[in-house]
Every structure is written in C-alpha cells, then in structure tokens.
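Taken in order, these protein sequences are the chains called U and H.
The numbering used here numbers the first residue of the first sequence as 7 and each following residue consecutively.
The numbering used here numbers the first residue of the second sequence as 7 and each following residue consecutively.
By construction, the Cβ of each residue, glycine as well, lies at the ideal position given by its N, Cα and C atoms.
Following: one structure in structure tokens, then a few remarks.
Protein chains: 2
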Amino acid sequence: MRSGDVRALARAISSVENRSPGSSDLLKALFPHTGKARVIGLTGAPGAGKSTLVDQLARFYRKHRRSVGIIAVDPTSPYTGGAILGDRIRMQEHFSDPGIYIRSMATRGSLGGLARTTADVSTVLDASGRDLVMIETVGVGQDEIDIVRLAQVTVVILVPGMGDDVQTIKAGIMEIADIFVINKSDRDGAEHVEREIRTLQSLATRLDGWTPPIIKTVATSGQGITELAAAIADYESYLHSENLVFNKSVENWQERLLEMLRDAMLDKARARFSDGHLKRMAAEVAEHKRDPYSLVEEIANAGKQ
Amino acid sequence: MRSGDVRALARAISSVENRSPGSSDLLKALFPHTGKARVIGLTGAPGAGKSTLVDQLARFYRKHRRSVGIIAVDPTSPYTGGAILGDRIRMQEHFSDPGIYIRSMATRGSLGGLARTTADVSTVLDASGRDLVMIETVGVGQDEIDIVRLAQVTVVILVPGMGDDVQTIKAGIMEIADIFVINKSDRDGAEHVEREIRTLQSLATRLDGWTPPIIKTVATSGQGITELAAAIADYESYLHSENLVFNKSVENWQERLLEMLRDAMLDKARARFSDGHLKRMAAEVAEHKRDPYSLVEEIANAGKQ
Numbered sequence: 007m008r009s010g011d012v013r014a015l016a017r018a019i020s021s022v023e024n025r026s027p028g029s030s031d032l033l034k035a036l037f038p039h040t041g042k043a044r045v046i047g048l049t050g051a052p053g054a055g056k057s058t059l060v061d062q063l064a065r066f067y068r069k070h071r072r073s074v075g076i077i078a079v080d081p082t083s084p085y086t087g088g089a090i091l092g093d094r095i096r097m098q099e100h101f102s103d104p105g106i107y108i109r110s111m112a113t114r115g116s117l118g119g120l121a122r123t124t125a126d127v128s129t130v131l132d133a134s135g136r137d138l139v140m141i142e143t144v145g146v147g148q149d150e151i152d153i154v155r156l157a158q159v160t161v162v163i164l165v166p167g168m169g170d171d172v173q174t175i176k177a178g179i180m181e182i183a184d185i186f187v188i189n190k191s192d193r194d195g196a197e198h199v200e201r202e203i204r205t206l207q208s209l210a211t212r213l214d215g216w217t218p219p220i221i222k223t224v225a226t227s228g229q230g231i232t233e234l235a236a237a238i239a240d241y242e243s244y245l246h247s248e249n250l251v252f253n254k255s256v257e258n259w260q261e262r263l264l265e266m267l268r269d270a271m272l273d274k275a276r277a278r279f280s281d282g283h284l285k286r287m288a289a290e291v292a293e294h295k296r297d298p299y300s301l302v303e304e305i306a307n308a309g310k311q
Numbered sequence: 007m008r009s010g011d012v013r014a015l016a017r018a019i020s021s022v023e024n025r026s027p028g029s030s031d032l033l034k035a036l037f038p039h040t041g042k043a044r045v046i047g048l049t050g051a052p053g054a055g056k057s058t059l060v061d062q063l064a065r066f067y068r069k070h071r072r073s074v075g076i077i078a079v080d081p082t083s084p085y086t087g088g089a090i091l092g093d094r095i096r097m098q099e100h101f102s103d104p105g106i107y108i109r110s111m112a113t114r115g116s117l118g119g120l121a122r123t124t125a126d127v128s129t130v131l132d133a134s135g136r137d138l139v140m141i142e143t144v145g146v147g148q149d150e151i152d153i154v155r156l157a158q159v160t161v162v163i164l165v166p167g168m169g170d171d172v173q174t175i176k177a178g179i180m181e182i183a184d185i186f187v188i189n190k191s192d193r194d195g196a197e198h199v200e201r202e203i204r205t206l207q208s209l210a211t212r213l214d215g216w217t218p219p220i221i222k223t224v225a226t227s228g229q230g231i232t233e234l235a236a237a238i239a240d241y242e243s244y245l246h247s248e249n250l251v252f253n254k255s256v257e258n259w260q261e262r263l264l265e266m267l268r269d270a271m272l273d274k275a276r277a278r279f280s281d282g283h284l285k286r287m288a289a290e291v292a293e294h295k296r297d298p299y300s301l302v303e304e305i306a307n308a309g310k311q
C-alpha cells in the first residue's frame with residue numbers, strides 16, 4: 007500500500023472501515039508513517055455544493071502534482087445507497103488518474119462510530135503517502151465538529167439564501183471555521199452572507215489570533231478555487247509562523263484519545279453481555295421493572311471484577 | 007416537582023443538564039414515575055420552520071387541555087447565545103400559561119452528551135406529569151437520529167425548494183420518519199417534494215407495515231396543524247393496534263442502555279487520569295513517539311486491575 011498500490015489502499019480502508027480482525031494491528035503499524043499529509047476538512051449544509059468544490063480543489067492540487075485522498079462522508083440509507091452511487095459517479099470522472107483516490111462513507115452505524123472511522127481512514131490515506139487528505143462532511147451537527155477536528159484546516163461552506171435560520175447555522179460553526187467559503191456567490195444575497203459573517207466575527211476574537219478569511223466561489227465554473235487554495239496555504243503558514251501546529255495537534259489528540267478510549271471501553275462493556283442479555287434488560291426497563299440508571303451503574307462497576 | 011411546581015421542575019432540569027451531584031439519584035427516583043407522557047420528536051433542516059410548527063402544535067394540545075413540555079435542541083455558540091435568546095422570546099409569549107414549559111438546550115459540550123442530556127430532561131418532564139413532551143432538533147446528523155430515538159412518534163419536517171441536495175437530506179431521514187410534514191406548503195415546489203417522498207417510499211416498505219403520511223402545513227398561519235395532530239394520534243393507534251408499542255420501546259432501550267453504558271465507561275476512564283496526564287499522552291502521540299491505538303488499548307485494559 008505504501009508503494010502506491012491503489013488496490014492495496016482500497017483493501018486497507020475497507021478493513022479499517024469494517025473493523026475487520028487485524029485492522030487494529032494495521033493501524034498500529036501505519037501510524038508511524040502518518041503526519042505528513044495535510045488534512046483539510048470541508049463542511050456545510052446540504053445543497054452548499056461541497057462535492058463540486060472538493061472536486062475543483064482536487065483538480066487544482068493535481069495540476070500542482072500533489073496526490074489527493076478524498077473522504078466524502080455522506081448521509082445515506084438502505085433506500086438509495088446514496089454514498090455508493092455518489093462514489094461511482096465521481097470515481098468515473100477521475101478514474102484514469104491514480105493521483106486522486108475518493109472514498110465515500112455512509113453515516114450508517116451509530117454510537118459515534120463515524121468520527122472514529124473517518125479518523126482511521128484518514129490515518130490510512132496519510133500513511134499511504136497522499137500529500138493531501140480532504141474530508142467532506144454534510145451537515146452542521148456534533149458529528150461534523152468531531153470529524154473536522156481531525157483536520158489541520160477547516161473550511162466552512164455557506165451559500166446565499168439559506169433562509170431564516172442562516173444565523174443559527176453560522177452560529178454553530180463559527181468556532182470551527184478557519185476559512186469561510188461563500189459558494190454559488192453569483193447568486194443574490196452573497197454580500198448579505200458576507201456581512202453577517204463579518205458581524206459575527208466582530209463580536210469575538212479567536213484565541214489563536216487568526217481572522218478567518220471569506221472566499222467567494224462559484225464551484226461549478228471553478229471561480230475562486232485558486233483563491234481558496236491560497237487561503238488554505240496562508241492559514242498553514244500562519245500556524246507555522248506562530249508555532250501553533252503542535253499545540254493544535256496536542257489539543258486534537260486529547261479529544262481523540264478520549265473518544266477512542268470511550269469506544270474501547272464500550273466494546274469491552276458490550277462484550278460482557280450477549281445480545282439476548284441486553285434485550286432482556288431493555289425489556290425490564292421498558293416494563294419499568296428496573297430503572298436504567300441503577301442498571302448501567304451496576305454493569306459499569308461490574309467491569310472492575 | 008410532581009405536584010406541578012414549575013420552579014421545582016426548572017431546578018430539576020438544570021440539575022440534570024449540568025449533571026450536578028445528586029442528579030443521578032434524582033433520575034433514579036423519578037424513573038418509576040415515567041412512561042405516561044407521549045414523546046413526540048420533530049426534526050428537519052434549519053429554516054424548515056420547526057419552532058413555529060412546535061408552537062402551533064403546543065397551542066393545539068393546550069386547547070384540548072393537555073399539558074406540554076418542549077425541549078428545543080438548538081445549535082448555539084458563545085458568540086450569540088442562540089438557545090438562550092430563543093428561549094426568552096418564546097417563553098415570553100407562553101409565560102402566562104404554566105401548561106407549557108419550554109426548555110432550550112445548546113449543542114455545547116461534546117462526546118455525544120447532547121442525546122443523553124435530552125433523554126434525561128425528557129425523563130424529568132415525563133415524571134413531572136406532562137401529558138406531552140415534544141423534542142425539537144435542528145439538522146440531519148447522527149445526533150438527531152440519537153435524539154429522536156427517544157420519541158414514540160417522529161415527525162420529519164421538509165420545505166419546498168431546499169436545493170439540489172434535497173434527495174440527500176431525505177435519504178438520511180427516511181427511516182426515522184413516522185410522519186412527514188411539508189411545511190411552508192404554500193410555496194412553489196410542495197408537490198415536487200411530496201412526489202419525491204412518495205418515490206422513495208415506493209422503493210421500500212417499513213418493517214412495521216406503516217406508511218408514513220405526508221401532511222402539508224403552513225405553520226405561520228396554523229394551516230394543517232389539526233391534520234398533523236390527527237396523524238400523530240393515528241400512528242399511536244396503529245402502534246397500539248399492532249402491539250408494537252412494547253417492541254419499539256425495548257428496541258429504543260437497547261440502544262439507550264448501550265449509550266448510557268458507553269458514557270458511564272468514559273466517565274470511569276476519564277477519572278483514571280488527571281488532565282495533565284492526558285495532555286502528556288496527547289503530546290507523545292502528536293510527536294509520533296507513541297501510537298494512539300496501542301496506548302488506548304493499554305489504558306482500557308488497565309481498568310481491569
């Protein structure tokens with residue numbers, strides 16, 4: 007995989023995604039080879055044109071001979087198989103270029119597994135020698151915040167005319183944006199969105215002293231992509247010049263270690279009872295024979311034995 | 007609190023929200039008094055008009071002399087204090103009516119705490135004797151799915167003209183919708199949204215045999231609210247007639263018990279090291295001196311001692 011074999015890469019990612027036996031050893035072996043890729047997170051509401059923007063950025067980096075890995079985190083369902091379909095359509099276009107590897111991931115599963123899986127897939131892409139890893143997520147929830155926490159640079163994509171709650175959306179993501187993009191900026195209302203961002207920015211300064219720039223793009227025509235790439239490079243230079251890279255990485259790892267530990271502890275806890283046992287307990291709670299709070303306390307403490 | 011004292015209710019909710027000492031005992035004591043409230047979850051993208059719809063539903067139920075508790079899960083930030091502001095504005099209007107209690111909750115904190123807190127607040131409202139608990143969430147992510155899992159009835163709110171990714175949004179929430187609402191249905195495109203839902207519905211049938219109805223509303227004028235309340239009652243009757251209530255509750259509790267166990271395990275894990283210790287380990291990982299996968303394994307196993 008580290009010699010650039012795309013099939014080996016795909017197999018490694020699948021192994022990590024499915025948490026196959028051996029995937030943990032694989033990650034341990036790959037970790038020392040990570041830390042070289044620049045990880046860029048891109049998030050925004052549905053309809054913001056994220057995929058097109060990511061494609062254009064990938065094209066830009068390919069022109070500059072950088073290899074790219076894309077993780078597209080898509081909501082999907084058994085109804086539509088959204089992620090898989092999207093994967094195919096986008097893969098087709100880039101198929102002839104081994105310098106772009108795209109992986110779509112579904113929001114299937116639960117219990118916060120998606121952030122962890124995205125992190126692990128990013129580790130694999132990083133270790134495989136990709137120069138850039140782009141993580142694209144839909145939505146504005148805690149998931150996205152967990153996912154973009156992996157990234158060195160976080161790009162938040164807005165569009166004009168998102169309706170009455172645009173204030174709310176922006177409020178939730180102001181803290182995580184290192185760069186704002188107003189996509190579809192040829193539409194009415196782009197200036198309005200820009201003014202709102204500036205207003206929110208004027209209310210508080212970031213601890214690291216950076217003021218997130220606002221880049222206007224029209225992803226479908228490629229307009230503004232060069233400026234966006236420059237803004238990404240600017241922010242990275244800023245982090246380096248202020249010696250913030252290491253601090254940011256330590257902060258991220260504190261959160262991630264806690265998340266990983268939580269998952270590991272859950273796996274251990276889950277292993278303590280068969281599905282039948284869990285179902286029986288759930289039935290007792292549903293019948294109000296037992297209160298769930300005491301029950302969980304008992305099981306958690308039983309782990310000490 | 008159980009005698010209807012609103013101040014006692016507010017204090018109990020704050021205690022649970024802040025996980026104050028004693029809140030766990032409080033929940034244990036309240037649990038036997040729960041199970042009477044009907045819990046309705048309402049979710050949809052930002053701008054879908056959820057708050058207005060929830061207010062109108064609350065008004066409807068109040069007219070029928072049912073007491074209502076509303077949990078509004080809002081994204082917010084230190085920039086705007088969104089949730090608090092929203093709370094005030096909405097509280098003002100209903101202030102004179104102790105039959106409606108509204109609590110806004112921020113998406114602050116992390117590690118999946120929001121779903122758990124919402125569940126606990128819902129437990130308190132249920133135990134306080136509210137006939138209905140409405141949980142309103144923004145967004146389409148895993149958070150929302152975790153949150154609406156609490157509800158007996160889940161209403162998914164769509165609006166016409168959500169842009170190119172409307173397919174994606176609907177795909178992610180098709181499984182959780184017991185009822186679809188097309189709000190702002192006086193706008194162009196309402197029929198288009200309805201057709202798309204029908205198409206997706208035709209591709210698969212639900213395991214429980216229910217076909218989610220599509221209700222058109224204009225929340226600002228109250229249009230369609232009676233129909234929505236009727237659809238909610240219909241679904242509840244269906245669940246009862248098919249003896250599905252208990253099964254659904256057992257399924258929900260299986261997931262919730264696992265989530266609660268995960269959180270309990272994390273608390274235990276976190277207690278194992280001081281913040282300084284965690285930071286030191288994060289620094290070692292950031293420097294690539296240690297791989298995080300082996301590290302987490304070691305700590306998780308150390309819990310056995």
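Legend entry - Pick from H:Ala235, H:Thr124 and H:Glu248 that is closest to H:Arg155, judged by C-alpha positions: Checked all of H:Ala235, H:Thr124 and H:Glu248; the closest Cα to H:Arg155 is H:Thr124.
Legend entry - U:Asn34 - containing beta strand (DSSP E), residue span: The amino acid occupying residue 34 of chain U in the given sequence is Lys; Asn does not appear at that position. For U:Lys34, there is no enclosing beta strand (DSSP E); the enclosing alpha helix (DSSP H) has its first and last residue at Ser29 to Leu36.
Legend entry - the region 125-136 of chain U / the region 54-63 of chain U touching (three or more Cβ pairs under 8 angstroms): Between the region 125-136 of chain U and the region 54-63 of chain U there are fewer than three inter-stretch CB-CB distances shorter than 8 angstroms, so the stretches are not counted as touching.
Inset, instruction - Please decide whether U:Tyr299 counts as near chain H, where near means a Cβ-Cβ distance under 7 angstroms. - result: Yes - at least one Cβ of chain H is within 7 angstroms of the one on U:Tyr299.
Inset, instruction - Label U:Asp11 either buried or exposed according to how many other C-beta atoms from any shown protein chain fall within 10 Å of its C-beta, with 16 as the threshold for buried. - result: If you draw a 10 Å sphere on the C-beta of U:Asp11, you find fewer than 16 other C-beta atoms in it, and that means exposed.
Legend entry - Amino acids of chain U, ordered along the chain, whose beta-carbon sits closer than 9 angstroms to that of H:Ala275: Leu264, Leu267, Arg268, Ala270 and Met271, listed in chain order.
Inset, instruction - Can you say whether U:Leu209 is buried or exposed, counting buried as having 16 or more other CB atoms within 10 angstroms of its CB? - result: With fewer than 16 other Cβ atoms within 10 Å, it is exposed.
Legend entry - Listed by chain order, chain U residues near H:Phe37 by CB distance under 8 angstroms: Per Cβ cutoff of 8 angstroms: His294, Asp297, Pro298 and Tyr299.
Inset, instruction - Give the residues from the region 236-257 of chain H that approach chain U closer than 7 angstroms (Cβ to any Cβ), ordered along the chain. - result: Flagged, chain order: Phe252, Ser255 and Val256.
Inset, instruction - Would you check if the region 219-227 of chain U and the region 247-263 of chain H touch, i.e. whether three or more CB-CB distances between them fall below 8 angstroms? - result: The region 247-263 of chain H is not in contact with the region 219-227 of chain U.
Legend entry - For U:Phe37 and U:Ala235, believed in contact at Cβ under 8 angstroms, the rounded distance: Incorrect: roughly 28 angstroms between the Cβ atoms, too far for contact.
Legend entry - C-beta atoms of H:Lys274 and U:Asp297 nearer than 7 angstroms: Cβ atoms of H:Lys274 and U:Asp297: not closer than 7 angstroms.
Legend entry - Residues that H:Gln260 contacts on chain U, provided the C-beta gap is smaller than 7 angstroms: Chain U residues near H:Gln260: Leu284, Lys285 and Ala288.
Inset, instruction - Could you tell me which residues DSSP puts in a beta bridge with H:Thr49? - result: Looking at the DSSP assignment, H:Thr49 forms a beta bridge with H:Thr143 and H:Val162.
Inset, instruction - Provide the residue span of the alpha helix (DSSP H) that contains U:Lys69, from first to last. - result: Unbroken alpha helix (DSSP H) run through U:Lys69: Lys56 to Lys69.
Legend entry - Burial state of U:Phe252, where buried means 16 or more other Cβ atoms lie within 10 Å: Within a 10 Å sphere around the beta-carbon of U:Phe252 sit fewer than 16 other beta-carbons, which makes this residue exposed.
Legend entry - Nonlocal neighbours in the same chain, by C-beta distance under 8 angstroms from U:Ala306, ignoring five residues either side: The answer, listed in chain order, is Ala275.
Legend entry - Test: U:Ile305 CB closer than 7 angstroms to a CB of chain H: True, the Cβ-Cβ gap to chain H drops below 7 angstroms.
Legend entry - H:Val12, enclosing beta strand (DSSP E) - first and last residue: Per DSSP, H:Val12 belongs to no beta strand (DSSP E); it is in the alpha helix (DSSP H), Val12 to Glu23.
Legend entry - Supposed contact pair H:Met266 and H:Arg122 - C-beta distance, whole angstroms, cut 8 angstroms: The Cβ separation is near 7 angstroms, so the contact holds.
Inset, instruction - Please confirm whether any heavy atom of the ligand NAD lies closer than 6 angstroms to the CB of U:Val162. - result: As for the ligand NAD, it is missing from this structure, which has no ligand bound.
Inset, instruction - For H:Lys34, return the contacting residues in chain U, with the cut-off set at a CB-CB distance below 7 angstroms. - result: Within chain U, the residues placing a beta-carbon under 7 angstroms from that of H:Lys34 are Asp297, Tyr299 and Ser300, ordered along the chain.
Inset, instruction - Using a Cβ-Cβ cut-off of less than 7 angstroms, list which residues of the region 208-224 of chain U approach chain H; keep chain order. - result: Answer in chain order: Leu209 and Ala210.
Legend entry - Own chain partners of H:Thr217 with C-beta closer than 7 angstroms, once the 5 adjacent residues on each side are dropped: Excluding positions up to five away in sequence, the list reads Gln207.
Legend entry - Test: U:Ser30 CB closer than 7 angstroms to a CB of chain H: Yes, U:Ser30 lies at the interface with chain H (some Cβ there is under 7 angstroms from its Cβ).
Inset, instruction - Would you kindly work out how many angstroms separate the C-alpha atoms of H:Ser300 and U:Ser30, rounded to a whole number? - result: Cα to Cα, the separation comes out at about 9 angstroms.
Legend entry - Sequence-distant residues of the same chain with beta carbon closer than 8 angstroms to H:Ala237, five excluded per side: Around H:Ala237: Ile185, Pro219 and Ile221.
Inset, instruction - Can you tell me which of the three DSSP states U:Arg136 falls into? - result: Three-state DSSP puts U:Arg136 in coil, outside helix and strand.
Inset, instruction - Would you list the one or two residues that DSSP bridges to H:Met111? - result: Partner residues in the beta bridge of H:Met111, as assigned by DSSP, are H:Val79.
Inset, instruction - Can you tell me which of U:Arg72, U:Ser110, U:Gly230 and U:Glu202 puts its alpha carbon nearest to the alpha carbon of U:Asp192? - result: Ranked by Cα distance from U:Asp192, the options U:Arg72, U:Ser110, U:Gly230 and U:Glu202 are led by U:Gly230.
Inset, instruction - Report the neighbours of U:Gly41 on chain H: residues whose CB is nearer than 7 angstroms to its CB, in chain order. - result: What U:Gly41 touches in chain H: His294.
Legend entry - Given U:Asp240 as reference, the closest of U:His294, U:Arg204, U:His198 and U:Val159 once Cα atoms are compared: Of U:His294, U:Arg204, U:His198 and U:Val159, the residue nearest in Cα terms is U:Val159.
Inset, instruction - Report back the beta-carbon spacing between H:Ser73 and H:Gly105 to the nearest angstrom; my notes put them in contact at under 8 angstroms. - result: Their Cβ separation, rounded to whole angstroms, is 5 angstroms, which keeps H:Ser73 and H:Gly105 in contact under 8 angstroms.
Legend entry - Backbone secondary structure at H:Lys222 - three-state DSSP: The three-state reading of DSSP puts H:Lys222 in strand, counting E and B together.
Legend entry - Rounded C-alpha distance that separates H:Leu284 from H:Met140: H:Leu284 and H:Met140 have their alpha carbons spaced roughly 39 angstroms apart.
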